[in-house]
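Novice: Protein chains in written order, with this note's numbering: chain F, 15 to 358; chain E, 15 to 358. Note that CB positions come from ideal geometry on N, CA and C, so glycine has one too. Predicted, not measured: the structure shown is a model, and the values here were computed from it. Dropping the structure in here first, questions after.
2 protein chains.
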Amino acid sequence: MQWLSSTTNTFLFLVFSCHFGSFNQIGMKEIAIGIDIGGTNTKFGLVDRSGEILVQDSISTMSDCNVKDFIKYLKEKLTPVIESQDNITIKGVGIGAPNANYYKGTIEYAPNISWGEFIYFKEAFAQYFDYPMVLTNDANAAALGEMVYGNAQGMDDFILITLGTGLGSGIVVNGKVVYGHDGFAGELGHTKAKPDGRLCGCGRRGCLETYVSATGLVRTIFKLMAEETDPSDLRQVPFDQLTAKMITEAATKEDPLAIKAFEYTGKILGENLADSVLHTSPEAIFLFGGLVRAGEYLFTPTKKYMEKSIFKMFKNKVKLLPSGLMDKNAAVLGASALVWKEFD
Amino acid sequence: MQWLSSTTNTFLFLVFSCHFGSFNQIGMKEIAIGIDIGGTNTKFGLVDRSGEILVQDSISTMSDCNVKDFIKYLKEKLTPVIESQDNITIKGVGIGAPNANYYKGTIEYAPNISWGEFIYFKEAFAQYFDYPMVLTNDANAAALGEMVYGNAQGMDDFILITLGTGLGSGIVVNGKVVYGHDGFAGELGHTKAKPDGRLCGCGRRGCLETYVSATGLVRTIFKLMAEETDPSDLRQVPFDQLTAKMITEAATKEDPLAIKAFEYTGKILGENLADSVLHTSPEAIFLFGGLVRAGEYLFTPTKKYMEKSIFKMFKNKVKLLPSGLMDKNAAVLGASALVWKEFD
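The following block contains the structure:
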């Protein structure tokens, strides 16, 4: 492994950059390191331009420790992985993290990471690593992954929705992720889906992610148990044990209550996407995350209600598609995509 | 007047362009022609880089005629105005029009212009004028005007809301108007303000502009006449004669019903802006149009409810400001701003 931007190579780097856009030593493969910091685990991988992950691993996020201890630990684990690879040059490091700020290199008020409320991550990272690094929130990274390796290749304007514990989103306009004035654009999970609706973790009521997410789906099935009389095996499961995965599996087995839960979820998502379309007029909207495995049970009502609600100029124009990275290590791929977008 | 891009000047133009970004003959003032096509009248003006309008005029839009007849008529009226000015060179023409498509150069389904449903305006224009021309919808042009000459100078991320008969909007991200995949981004007037709310001209119910616009304000005052018992001179005026201007004037004279109407309008606008902020994280939101003359009667409730509804990351961060072009010929300035943005 050789690190290109050492001072001895700077002149050569500049000369080559002028001619070829990015430097690539003969016989050496350019690699992006993708790191995805989650509340529990941090995944990382070495990724080439085609999206092939050469090697990957994960470590504990140690979210109850100091951020410096975490980065030190990350270096201990990452360095041998890099050194195990022959004939590669590291282009840079891309990191996706919850509530990460692209401009400031900070992680701010991330609910599941206890390193501190306001973490100067980029500064801390630079104390242990010499690689150029770029940080953004996980949903923005996922949007970049979709653009570089997934189903949004060649698209300049799209929205990616990640359906996990909450609802994340990355908005791409003119081929670039929208960060906005302060780096926190694209928080569609907190748009208002229902006035005075469900209580959200953010303290407000009616946020989209309280309906459209893994936890939102679980809340919906309990609402439907109260309102409807359809028989369902899910009625045997207590609230604290019921998961979105169980509802998704029930839907694929034609459980009527589970199907209704997806219909309700799709209605709210579709109606809200119709409003998002009015903002940035995307070519497509991609859905990513476990709920997407419900397939048509999710996509059909979402598309139906999106088209029903949408302004006439956009009718039947906006594609609703699954992510192309569903069966891959999308978090690592997304983080690595940052590198090609940023340092090429 | 000399037209720079004649073939004889092409070589010189290219040489100068490489060195100075834009060509400017010694002693000649570069001018943008701004044209704003409205349902009734079309305004035009010759504008310099500082936003000074050298000369301006208006003609009938002849919206019930053929688009070619209109452009021919426009040329007859515009040519002597251009020729009356000494020592100018025309950089290009910017045109703002309702439902205009930046990419295609078309005007599509504009409700108040009857030249046709789908008008190839740019093509028709090129048959009569040799100037480079760029077309966009009127609200996008207003946003550009704000950026080039108004209160958004130096801002890369902002939203401009125009409050006229309807509600128009222009969204700027990374210093560029967002057109989106098909050129119709930024139609915030048709986001859903209330489920099953007021009937909109677009055929749907609850659109933001049915509440927040000149006509929306008039509808609101009649709703309040029914619901409240406050005395008001406005109770003497029949629906078809009551205007937003009358309500605005009544509010500035402390008419309690008019003040409540602005409170209601501001609440709905503020709550909806909180959702728009989540999309593109603007530095500021500008309000433009006659209703803005109500000043604090509009701004105070809008700001209050925007902050009340907004996601914590954006609290007290987004400025709510009046347009800087309120007392100027904003439509012509906005259209002319397109030229500097597009052809520089």
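Take residue 338 (chain F) and list the residues in its own chain whose beta-carbon comes closer than 7 Å to its own, dropping the five residues that flank it on each side.
Specialist: 160, 164 and 165.
Novice: Determine contact between the region 219-230 of chain F and the region 267-277 of chain F, defined as no fewer than three beta-carbon pairs at a distance below 8 Å.
Specialist: Taking 8 Å as the limit for Cβ pairs, the verdict is that the region 267-277 of chain F does not touch the region 219-230 of chain F.
Novice: Could you tell me how far apart the beta carbons of residue 353 (chain F) and residue 148 (chain F) are, in whole angstroms, since I believe they sit closer than 8 Å?
Specialist: Contact flag correct, Cβ pair sits at about 7 Å.
Novice: What does the alpha-carbon distance come out to for the pair residue 37 (chain E) and residue 176 (chain E)?
Specialist: Since pLDDT at residue 37 (chain E) reaches only 45, below the 50 mark, its modelled position is unreliable, and the value read off the structure follows with that caveat. Those two C-alpha atoms are separated by around 34 Å.
Novice: Count the other CB atoms within 10 Å of the CB of residue 243 (chain E); is the residue buried (16 or more) or exposed (fewer)?
Specialist: Residue 243 (chain E) comes out exposed.
Novice: Return no unless some Cβ of chain F is closer than 7 Å to the Cβ of residue 292 (chain E).
Specialist: So yes, residue 292 (chain E) belongs to the interface.
Novice: Which first and last residues belong to the beta strand (DSSP E) in which residue 150 (chain F) is found?
Specialist: 147-151 is the extent of the beta strand (DSSP E) around residue 150 (chain F).
Novice: To the nearest angstrom, how far is the alpha carbon of residue 50 (chain F) from that of residue 132 (chain F)?
Specialist: The straight-line gap from Cα to Cα measures roughly 18 Å.
Novice: When the cut-off is 7 Å and only beta carbons count, does residue 207 (chain E) lie next to chain F?
Specialist: False, the Cβ-Cβ gap to chain F never drops below 7 Å.
Novice: What are the boundary residues of the alpha helix (DSSP H) that includes residue 286 (chain F)?
Specialist: Taken as a continuous stretch (DSSP letters only), the alpha helix (DSSP H) holding residue 286 (chain F) covers 270-294.
Novice: Let me check understanding here. Comparing Cα to Cα, which of E:324, E:269, E:267 and E:247 lies closest to residue 283 (chain E)?
Specialist: Checked all of E:324, E:269, E:267 and E:247; the closest Cα to residue 283 (chain E) is E:324.
Novice: Secondary structure at residue 37 (chain E), three-state DSSP: helix, strand or coil?
Specialist: Note that residue 37 (chain E) has pLDDT 45, beneath the 50 cutoff, so the model's placement of it is unreliable and the number below is only indicative. In this structure, residue 37 (chain E) counts as coil in the three-state DSSP scheme.
Novice: Please list, in chain order, the chain E residues whose beta carbon lies closer than 7 Å to that of residue 216 (chain F).
Specialist: The answer, in chain order, is 325 and 326.
Novice: Inspect the CB distances between the region 201-220 of chain E and the region 332-347 of chain F and report whether three or more fall short of 8 Å.
Specialist: Taking 8 Å as the limit for Cβ pairs, the verdict is that the region 332-347 of chain F does not touch the region 201-220 of chain E.
Novice: Within the same chain, show all residues whose beta-carbon is closer than 7 Å to that of residue 321 (chain E), passing over the 5 residues directly before and after it, in chain order.
Specialist: Around residue 321 (chain E): 329 and 330.
Novice: For a contact defined as C-beta to C-beta under 8 Å, what are the partners of residue 227 (chain E) on chain F?
Specialist: Here the premise fails: no neighbours, minimum Cβ distance about 15 Å.
Novice: Who does residue 173 (chain E) pair with in a DSSP beta bridge?
Specialist: Answer by DSSP bridge pairing, in chain order: E:185 and E:299.
Novice: Report the neighbours of residue 140 (chain E) on chain F: residues whose CB is nearer than 9 Å to its CB, in chain order.
Specialist: Under the 9 Å cutoff, chain F gives no residues; its nearest Cβ is about 25 Å from residue 140 (chain E).
Novice: Does the Cβ of residue 98 (chain F) have 16 or more other Cβ atoms within 10 Å, making it buried, or fewer, making it exposed?
Specialist: Per the 10 Å Cβ criterion, exposed.
Novice: Of all the CB atoms in chain E, is at least one closer than 7 Å to the CB of residue 36 (chain F)?
Specialist: Because the pLDDT of residue 36 (chain F) is 41, which lies under 50, any placement of that residue in the model is unreliable, and the number read from its coordinates should be weighed accordingly. For residue 36 (chain F), the answer is no, since every Cβ of chain E falls outside 7 Å of its Cβ.
Novice: Does the count of Cβ pairs from the region 186-202 of chain F and the region 289-305 of chain E closer than 8 Å reach three?
Specialist: Verdict: yes, contact present.
Novice: Would you please verify whether the beta carbon of residue 90 (chain E) is less than 7 Å from any beta carbon of chain F?
Specialist: No, because no Cβ of chain F sits closer than 7 Å to the Cβ of residue 90 (chain E).
Novice: Considering only the alpha carbon of each residue, which of F:267, F:60, F:45 and F:229 lies closest to residue 179 (chain F)?
Specialist: Among F:267, F:60, F:45 and F:229, the Cα nearest to that of residue 179 (chain F) is on F:229.
Novice: Is the Cβ-Cβ distance between residue 193 (chain F) and residue 123 (chain F) less than 7 Å?
Specialist: No, these two residues do not count as a Cβ contact at 7 Å.
Novice: What does the Cβ neighbour count give for residue 171 (chain E), buried or exposed, with the cut at 16 atoms within 10 Å?
Specialist: Buried, since its Cβ has 16 or more Cβ neighbours within 10 Å.
Novice: Measuring CB atoms only, is the region 181-191 of chain E touching the region 307-315 of chain E, in the sense that at least three cross pairs come out at less than 8 Å?
Specialist: In short, these stretches do not touch, since the Cβ pair count stays below three.
Novice: Taking Cβ to Cβ, would you say residue 105 (chain F) is nearer than 7 Å to residue 46 (chain F)?
Specialist: Yes, Cβ-Cβ distance for residue 105 (chain F) and residue 46 (chain F) is below 7 Å.
Novice: Kindly list the residues whose CB is nearer than 7 Å to the CB of residue 236 (chain E), restricted to its own chain and excluding five residues on each side of it in sequence; keep chain order.
Specialist: Contacts found: 253.
Novice: Are the C-beta atoms of residue 296 (chain F) and some chain E residue less than 7 Å apart?
Specialist: Cβ-Cβ to chain E under 7 Å: yes for residue 296 (chain F).
Novice: Helix, strand or coil, according to DSSP, for residue 180 (chain F) in the structure here?
Specialist: The answer is coil: DSSP assigns residue 180 (chain F) none of H, G, I, E or B.
Novice: Using a threshold of 7 Å, state whether the C-beta atoms of residue 281 (chain F) and residue 319 (chain F) are closer than that.
Specialist: Yes; because the gap between Cβ atoms is below 7 Å, this pair is in contact.
Novice: Could you pull out every residue in the same chain whose Cβ sits closer than 6 Å to the Cβ of residue 109 (chain E), ignoring the five residues on either side in sequence?
Specialist: The answer, listed in chain order, is 49, 149 and 349.
Novice: Starting from residue 61 (chain E) and walking both ways along the alpha helix (DSSP H), at which residues does that stretch end?
Specialist: Where residue 61 (chain E) is concerned, there is no enclosing alpha helix (DSSP H), although the beta strand (DSSP E) it sits in stretches over 55-61.
Novice: For residue 185 (chain E), which residues in chain A fall below 7 Å Cβ to Cβ?
Specialist: No chain A appears in this structure, whose protein chains are F and E.
Novice: Identify the continuous beta strand (DSSP E) that holds residue 50 (chain E) and give its terminal residues.
Specialist: Residues 43-51.
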